[in-house]
Amino acid sequence: MPRTVTVRAPGKVNLQLAVGPRRDDGYHRLVTVFQAVSLYETVTATARDDEDIVLRIAASPALTFDPASVPTDESNLAVRAARAVAERYGITDGIDLDIVKGIPVAGGMAGGSADAAAAAVACAEAWDTGASRVELEELCAGLGADVPFCLHGHTAVGLGRGDELSPAMTHGQFHWVFATQSEGLSTPAVFREFDRAVAAGEAEVAEPALDDAVMAALMAGDPRALGSALTNDLQPAALRLAPHLQDVIDAAKDADAVGAIVSGSGPTVAALARSRQHALAIAAHLTAEDVAHTVLTASGPAAGAAIVADLSD
Ligand SMILES: C[C@@](CO)(OP(=O)(O)O)[C@H](O)COP(=O)(O)OP(=O)(O)OC[C@H]1O[C@@H](n2ccc(N)nc2=O)[C@H](O)[C@@H]1O
Ligand SMILES: Nc1ncnc2c1ncn2[C@@H]1O[C@H](COP(=O)(O)OP(=O)(O)O)[C@@H](O)[C@H]1O
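Residue numbers for the sequence shown, in full-length UniProt numbering: 1 to 313.
Here it is as structure tokens:
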């Protein structure tokens, strides 16, 4: 029987996203606080006898997505992760990758990055590479700025491109509502709009710094304090590209959300609730107001990429 390993990895919301100037390599220096949430990508890797990498993608019951919005060629982040593992450990066998998506596509919640982190762990295990966690962290950093956090999970401060992580102290669980849109926003396009506004003198770019209010609210486990401390420097750019997102934020505030922001580069809007019951009430209001494609509830922090099944011969 071939070796089959299933790994799930979480999506994220940025509790703080402070964006600094664009660097020479095209990336922006960030200070961000990530929180992993209980929406997951699940990747099952099965070693093959031939050299092919075969990808299949399905949606979890809670999520609908346009299959055309996810590439199935070599640019798919799960395929790139498999190639990176094979190259690093000299593997010549192929692999079947079965992805079940539970994170909105192109939604600012790192769904593709979660696929990459989960695929890296699943392939390393299915091919029996003996890869260490530190080696997988390095490999993930080469796949995208958000990928190391999807491996890490929980709550963490991200510096550099967002990939230099240190864990943040938190207390308890926070309850979130995520309002998705049918049309995604491209991360590079949102950063370009951020740069355009700075170059045009419409916005200023400051040296990014960690917000003590976010860290204190996390330590206290205080949703109200966290809600009022949420910030996202990409939000004005995302709102210029997708102005209707303001209606989603306003609707969440009408339902007494303690905070509501664009998640990362958007267009998903993340609303923070006081409790799980309050999250369900906010979700019902957003659904009734018809401002979102899908409304999902989740809690955070959630664990990082983890093996959930390992069927070995
Ligand atoms: C904005 C954030 C916030 O967590 O997340 P998303 O909203 O995409 O989920 C991240 O910075 C996105 O990370 P990720 O989506 O992994 O980015 P990558 O694939 O590495 O880069 C895509 C593009 O985003 C821009 N980029 C990304 C990270 C960064 N620190 N500066 C940037 O300017 C660059 O234009 C880059 O070419
Ligand atoms: N496995 C994957 N799942 C989703 N998107 C992927 C994947 N591989 C590559 N992509 C590309 O990455 C883009 C961003 O996807 P995603 O990670 O879901 O959103 P975001 O970067 O906004 O968090 C998609 O539009 C798609 O073109």
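All C-beta atoms, glycine included, are put in the ideal place defined by N, C-alpha and C.
Per DSSP, the bridge partner or partners of K12: Partner residues in the beta bridge of K12, as assigned by DSSP, are A36.
What three-state label does DSSP hand F191 in the structure shown? Secondary structure of F191 (DSSP, three-state): helix.
Using CA atoms only, rank isn't needed, just tell me which of P208, L234 and K12 is closest to T155. When each option's Cα is compared against that of T155, the closest is K12.
Is it the case that the Cβ atoms of A18 and A197 are separated by a distance below 9 Å? Pairing A18 with A197 gives a Cβ-Cβ distance that is not under 9 Å.
The alpha helix (DSSP H) spanning residue 325 covers which residue range? The requested residue 325 does not occur in the structure, where the chain is confined to residues 1 to 313.
DSSP on V79, reduced to helix/strand/coil? Of the three classes helix, strand and coil, the one that applies to V79 here is helix, per DSSP.
Between T287 and A279, what straight-line distance do the alpha-carbon atoms span, to the nearest angstrom? 12 Å
Here's the rule I'm using: 16 or more other beta-carbon atoms within 10 Å means buried, otherwise exposed. How should V134 be labelled? Under this definition V134 is an exposed residue.
Of the choices A302, L234 and G184, whose alpha-carbon is the least far from that of G172? A302
Can you look up D256 in the DSSP assignment and give me helix, strand or coil? coil
When the Cα of S166 is compared with those of E183, P148 and A179, which residue comes out closest? P148
Residue burial classification, P61 (beta-carbon count within 10 angstroms, cutoff 16): exposed
Mapping the DSSP letters down to three states, classify V134 as helix, strand or coil. Residue state, collapsed to three classes: helix.
Counting C-beta neighbours from all protein chains within 10 Å, is the total for P71 16 or more, i.e. buried, or is it exposed? exposed
Against chain D, does V79 count as a neighbour if the rule is that its beta carbon must be under 9 Å from one of theirs? In summary, chain D is missing from the structure at hand, where a single protein chain is found.
Measuring straight from C-alpha to C-alpha, what distance separates V308 and A298? 19 Å
Check each candidate in G160, W176, C123 and D310 and name the one with the smallest Cα separation from D25. Checking every option, the nearest Cα to that of D25 belongs to G160.
Could you tell me if the beta carbon of H152 falls within a distance shorter than 8 Å of some heavy atom in ligand 1? no
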